[in-house]
Every structure is written in C-alpha cells, then in structure tokens.
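Numbering follows the working numbering, in which position 183 of the sequence shown is assigned residue number 183; successive positions increment by one, without gaps.
For each residue, glycine too, the CB sits at the ideal point set by N, CA and C.
Structure first, then comments.
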Amino acid sequence: MKTFVLGLVVVAGIMSSCSPKAKEETTLSGLNPKKFQAEIDGKQAGLYTLKNSAGMEVCITNFGGRIVSVLVPDKHGNRKDVVLGFDSLADYRNIPSDFGASIGRYANRIAQGRIEIDGETIQLPQNNYGHCLHGGPEGWQYQMYEANQIDGTTLELTRFSPDGDQNFPGNVRAKVRFHLTDDNAIDIQYEAVTDKKTVINMTNHSYFNLSGNPAVAATDHLLYVNADGYTPVDSTFMTTGEIVPVAGTPMDFIQPKEIGREIDRYDFVQLKNGNGYDHNFVLNTKGDLSTVAARLSSPESGIVLEVYTDEPGIQVYTGNFLDGTVKGKKGVVYNQRASVCLETQHFPDSPNKPRWPSVYLEPGQTYSSRCIYKFSVEK
Numbered sequence: 001m002k003t004f005v006l007g008l009v010v011v012a013g014i015m016s017s018c019s020p021k022a023k024e025e026t027t028l029s030g031l032n033p034k035k036f037q038a039e040i041d042g043k044q045a046g047l048y049t050l051k052n053s054a055g056m057e058v059c060i061t062n063f064g065g066r067i068v069s070v071l072v073p074d075k076h077g078n079r080k081d082v083v084l085g086f087d088s089l090a091d092y093r094n095i096p097s098d099f100g101a102s103i104g105r106y107a108n109r110i111a112q113g114r115i116e117i118d119g120e121t122i123q124l125p126q127n128n129y130g131h132c133l134h135g136g137p138e139g140w141q142y143q144m145y146e147a148n149q150i151d152g153t154t155l156e157l158t159r160f161s162p163d164g165d166q167n168f169p170g171n172v173r174a175k176v177r178f179h180l181t182d183d184n185a186i187d188i189q190y191e192a193v194t195d196k197k198t199v200i201n202m203t204n205h206s207y208f209n210l211s212g213n214p215a216v217a218a219t220d221h222l223l224y225v226n227a228d229g230y231t232p233v234d235s236t237f238m239t240t241g242e243i244v245p246v247a248g249t250p251m252d253f254i255q256p257k258e259i260g261r262e263i264d265r266y267d268f269v270q271l272k273n274g275n276g277y278d279h280n281f282v283l284n285t286k287g288d289l290s291t292v293a294a295r296l297s298s299p300e301s302g303i304v305l306e307v308y309t310d311e312p313g314i315q316v317y318t319g320n321f322l323d324g325t326v327k328g329k330k331g332v333v334y335n336q337r338a339s340v341c342l343e344t345q346h347f348p349d350s351p352n353k354p355r356w357p358s359v360y361l362e363p364g365q366t367y368s369s370r371c372i373y374k375f376s377v378e379k
C-alpha cells in the first residue's frame, strides 16, 4: 500500500513537471498585471481593475495615476480598448508620455515657467518651448500615487506633493477618485489642499481612439465642442490672453464635424501654430455637470464619448506630436493623430491672466474638479 501511494506521488510529480506552464491571468483588455508591479520611491506600483455590470472594464496604474485601458462595447457588441497606452510599467517609466495620466500640479502651460504669489516671482521648470508644461519634467504623471481600491468599481489615488516640488510652493495633498458607473461612465473627481498659497489645475490626459484601432488616425471621428470661443496661441503654444469666437473658423465645433475636415488648413494661423488642434476651448456650460461639454464619436465602431465637467475649459489635442517612433499596447505604432485628448481644465497660463478664472488655492480652501467620460453606442 505504501509503495502504491509513493508510486502515485512520483507519477504525479512527473506529470506536473511535464505539464505546460499555467497561463498567466490577464485583464479583459489583455494586460498582464504582473508587468505593472514594481517598487518605485518606496511605494508599490500595481494595476487596478474596475468593472461594472454592463461588462465595461477600466484598468489604472498608480504610477502617474494613469488610465491604461478602457474596454467598451462597439455597435456590434464587440469590446474595444479605446485609449492609447503601454503594456507594462517599464514602458511608462522609460518612454516619456502623458498617456492616461492624472496631471498636476498644473495641467497645460505656464508662460516662461513664472508665477507670482503675493508679490514674489517663482520660477518653475521650463520644459516646453521655454514654458512649464504639465507641472514640469517631473510632474505628477511621473510620480507615484498611493492606491486604495474601495470596491470593484471605485479606486482612490492620493499623493503628497511637498513644498518646492518642481518649485511649486506649499505642501499639497491631492486626491483622484475614479468611479465606474453602471451606465458606462468614468466619473473622475479631484481634490487638493495646501498649507501655503499655490496654484492647482488637475486633469486627465487620456488619448482616445474610439475605433479601437489606434493604428488608424482618429481624424474620421466626429467632434462636438460646446464652446463659442477659444484661447488662441502663439508659435510656442502659449495662450495670447485673448478669447476669440470660433464662428467662421476651423475652430468651430458647435456643429459636429470630422476632426480631419480642416485640420491641415495651415493657412489658418492657429492650426499652423498648434500643428493641428491643440487649443483650450471656453465652454458654454458654466460648470453645469448635466450639460455635455464635448462629444466624440467613431463612425467605424459606433462608440460615443460624452464629456461632462464643472471646469470652464477643455483642451482639444489631436495627437499632433505622435510621430511613429513609439510602440504602444500590443506593439501598435502610434502615428500622428492616432488619438484625441479632451482635457477638462482651467485655462492655460491662468496665473498670469488675471481676468481668467483663478487657479490659486489658499490654506483652508479645498480645490475640487470633476470630469465624467460617459460611453455609449450609436448604431
């Protein structure tokens, strides 16, 4: 009897050693969570998955607070990943990008990297044509957030940004809360507090291609922006301080139109300056979260994205600087205009434009901002 049992054990051991290696578990979008595990600056990075009852999936890493994948059904019921990104944490760390990031402390540009607070001029990093872009070269998109997955549909990320972080004043505690609703919306809520007067302007920088095929440009997407005006830029992408009407120009998206219809009209100086669309639109919504701020749709997939926000502006960026040198998820090459970004925000360079909505945050105040990306299908 003992010999028989031993024989079974030996045979089982042989069968185990000869059996194929168990397949590693992946998300519905095909991501391997193990490729997002690492210790960075003493904090544990990982991949967090949100799912709803409708079958939608959103994957987020706490490195940079980045949305890595958004899986939604198309008009045929097939699920498509509609955001650009990478398959591993190593790529996010080694290839500079803003893909899916939670941007801070200040989204967009600050002229010459200078702000004035209570009569003191503060010099910030100059990392884009002499300006400070997205909080500087070591902005929050390249830093770690602490993660707390509250439940299967909610993830809360927090970050402590010390006084002098990229030379911004004040110890700031920031929070980004992602909630996936059952009606296929990603509800993003931002909060921040400070112990010293500072500036705050947070956003999400997801690159959307609603066809689900980022190998093909998103210029066929239809875009609606609920804005009668926009803030023009100079040749260094810096706002001039004006707010001008969109009417009668290629900037007019009050009536939905294909993004590519006029994008190459470089006889229109703003498209030449922006190398395409890379502009802040002044929303008509007046902070009303029940009113659509922007709507993007893919005729190929039928997938629709509606954006709701309490912010006064939205940056429309059409992936103009993607140049085919970066390979993203599943080895797809990201060429120019492979995506569209819709970044809810206060206006660029608001600290130096006193007539524009203020971005200053005082001790005792709480910064708050909300952006809802709601997905649906039109057949």
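In terms of Cβ geometry, R173 and V193 form a close pair [threshold 9 angstroms]. Annotated three-state conformation of Y334 is strand, per DSSP. Going by DSSP, Q143 is part of no alpha helix (DSSP H) at all; its letter is neither H nor E. When secondary structure is reduced to three states using DSSP, P245 falls in the strand class. At the C-beta level, I67 and M144 stay beyond 9 angstroms of one another. At a Cβ-Cβ threshold of 9 angstroms, Y48 and L155 count as neighbours. A distance below 8 angstroms between beta-carbons, with the five flanking residues on each side excluded, links I95 to the following residues of its chain, in chain order: F86 and V326.
Where Y266 is concerned, there is no enclosing beta strand (DSSP E), because DSSP gives it neither an H nor an E. As DSSP reads the structure, V292 sits in no beta bridge. R355: not part of any beta strand (DSSP E); DSSP gives it neither H nor E.
The distance from the Cβ of A101 to that of Q141 is about 3 angstroms, consistent with a contact at the 8 angstroms cut-off. Inter-segment contact for the segment 246 to 266 and the segment 218 to 226 is present: three or more beta-carbon pairs are separated by less than 8 angstroms. Within the same chain, and ignoring the five residues on either side of K43 in sequence, the residues whose Cβ sits closer than 6 angstroms to its Cβ are M144.
At least 9 angstroms separates the beta-carbon of N280 from that of Y360. Excluding the 5 residues flanking it on each side, G276 has same chain C-beta neighbours closer than 6 angstroms at I263, T318 and N320, in chain order.
Per the DSSP secondary-structure output, S161 pairs in a beta bridge with V172.
Judged by DSSP secondary structure, N94 falls outside any beta strand (DSSP E) and instead within the alpha helix (DSSP H) spanning L89 to N94. In this structure the segment 114 to 124 does not touch the segment 77 to 92; the number of beta carbon pairs closer than 8 angstroms is below three. A direct Cα-to-Cα measurement between L305 and S297 gives close to 6 angstroms.
In the structure shown, P33 adopts helical secondary structure according to DSSP, grouped into three states.
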